[in-house]
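Shown next, in structure tokens, is the structure this report addresses.
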Amino acid sequence: MGSSNAGGRQLDGIGGATSTTSKVAVVAKSARPGIDVDYTFVQVAPDQAKVDMTGNCGNIASGVGPFSLDEGLLRVEAGQSEIDVRIFNTNTQQTISETIQLSPEGRHRDDGDCSIPGVEGTSSPIKVAFLDPEGSMTGKMLPSGATQETFTVHSKTLGTIQLRVSLVDAGNPFVLVDSRSLRVKGYPTWPAAADPDFMLLAEDIRREGAVRFGLASDVKSASVVRGTPKIAFLSPPADISSDIDVLAFTMGKPHPSIQITGAVCIGAAAAIHGTVAWQLAHGSTTNNFPKHGLEIDGQRIASPSPVRIRHPAGVTQTETTLGVNGKGDIHVRQVGVLRTARRLFEGNVFYKI
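So the sequence shown is numbered by this note's numbering: it starts at 497 and just counts up by one.
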């Protein structure tokens, strides 16, 4: 990737000088029952000779199925037009299901009319479903046991402020911040949120979240692992085209769109009564959420419904399927999203020792 030189520009490598373009997927045929391939995600820091393997990346995962197919890791029957691929993510120990369209030759079909925010052109749709996404790193969807809690943080420009947040672990652990509690005019937007003071504030909140998630013993140790937990600022929808507006951060900087694991986490959180995501989605008169839901032991959850998440690159829609587990607790069975992918190149990268 070339991360150890040129001040993060990755000139002597194939990285794109950003955290969103410095990612690696390691894929192998799986020996696990009911699983087709194993996939390990590696986040490469663009400005340091470091890697982070603590979480998953949904965008990279979207390409694992097509890659596995074209590399001959999957068995395809003659005349088959689509294939379901079950992928085991070794980072989170969770399963992803992908439905992929096939060409007449049995390879990934990369032509079609599906478009996704932030990507030019169209391709065939890849239906990506994160199965049982709760507790990817902590073992629980709400690790603290609360749907919402208060963080007290200090900002150079805002002073000492109290923020409403939800700590949710689904797909990846995320600190979901209610932007309304910032008590400033307007909401954080990209690229304005690249202001150094705001980035420091976001990182301070993320580190406090790491401690409360149980992923770090203190805020100092939380600074060592930058990839998880992640943080996103949630705002009321600006218009009728979305249910929640989101500004996510990645490796300390504003994300130019949104992590798919972030969309998965927010989609799941929006179905659980009392979370910041649920309050924002249900507090709007512009969304399509049902005002009724399933109630179990006094806890109310929304009926499954699409969640439209606006981010700097457009609107991403998730679909959450809920259920009740054997203990009678509310359970997120899966969160689905549409993606596209195509092979850009193949060959050798020469590493200088």
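For glycine and all other residues, C-beta sits at the position ideal for the given N, C-alpha and C.
Everything numeric in this text was worked out from a predicted model, so none of it was measured.
Can you tell me the Cα-Cα spacing of L565 and G617, whole angstroms? 22 Å
Proximity below 8 Å, CB of L663 to CB of P639: yes
For K652, which option in I762, H604, L696 and W774 has the closest C-alpha, if you only look at C-alpha atoms? L696
Excluding the five sequence neighbours on either side, which residues of its own chain have a C-beta within less than 8 Å of the C-beta of V715, listed in chain order? D700, R703, E704, A706 and V707
Using DSSP with H/G/I as helix, E/B as strand and the rest coil, what is S662? strand
In the DSSP assignment, what are the bridge partners of R838? BP columns for R838 are empty, so no partner.
If you follow the beta strand (DSSP E) that T757 is in, where does it begin and where does it stop? Element bounds for T757: not the beta strand (DSSP E) but the alpha helix (DSSP H), I756 to A765.
How many Å lie between T781 and A734 at the Cα? Because the pLDDT at T781 is just 38, under 50, the model does not fix this residue reliably, and the value given afterwards should be weighed accordingly. Answer to the nearest angstrom: the Cα atoms are 11 Å apart.
C-alpha gap between R605 and G575, whole angstroms: 13 Å
Over the uninterrupted beta strand (DSSP E) stretch that includes R806, give me the two end residues. P802 to H807
I'd like to check one pair, I657 with R582: are the Cβ atoms closer than 8 Å? no
On the criterion of 16 or more Cβ atoms from any shown chain inside 10 Å, does T816 qualify as buried, or is it exposed? buried
Let's test the definition: count the other Cβ atoms within 10 Å of the Cβ of S753 and tell me whether it reaches 16, buried, or not, exposed. buried
Considering only C-alpha positions, which residue in the set T836, F709 and V649 is nearest to I556? T836
P562 versus T536 - alpha carbon distance: 16 Å
Limits of the unbroken alpha helix (DSSP H) element including S499: Taken as a continuous stretch (DSSP letters only), S499 belongs to no alpha helix (DSSP H), as it is neither H nor E.
Leaving out five residues before and five after L471 in sequence, what residues of the same chain have Cβ atoms less than 8 Å from its Cβ? Residue 471 lies beyond the residue range present for the chain, which begins at 497 and ends at 849; the question has no answer from this structure.
Distance cut-off 7 Å: V538 Cβ against heavy atoms of the ligand FMN: What this structure holds is no ligand at all, so the ligand FMN is not there to describe.
Under 8 Å between C-beta atoms of S499 and A527: no
Excluding the 5 residues preceding and the 5 following V560 in the sequence, name in chain order all residues of the same chain whose CB lies nearer than 7 Å to its CB. A521, V523, V533, Y535 and I583
Please classify Q539: does DSSP put it in a helix, a strand, or coil? strand
Between S713 and the rest of its own chain, which residues show a CB-CB distance below 6 Å, the 5 nearest in sequence each way excluded? none
Can you tell me where the beta strand (DSSP E) with R582 in it begins and where it stops? E578 to N585
Counterpart residues of F729 in DSSP-defined beta bridges: V673 and L743
Is A798 helix, strand or coil when you go by DSSP? Bear in mind that a pLDDT of 48 at A798, under 50, signals an unreliable position, so the model cannot answer this.
Which first and last residues belong to the beta strand (DSSP E) in which G810 is found? G810 to V820
Quick one: what does DSSP say R829 is sitting in, helix, strand or coil? strand
Go to H778, then tell me how far its alpha helix (DSSP H) extends in each direction, as first and last residue. V772 to G779
Might you give, ordered along the chain, the residues of its own chain that have their beta carbon closer than 6 Å to the beta carbon of T588, omitting 5 neighbours on each side? N552 and S632
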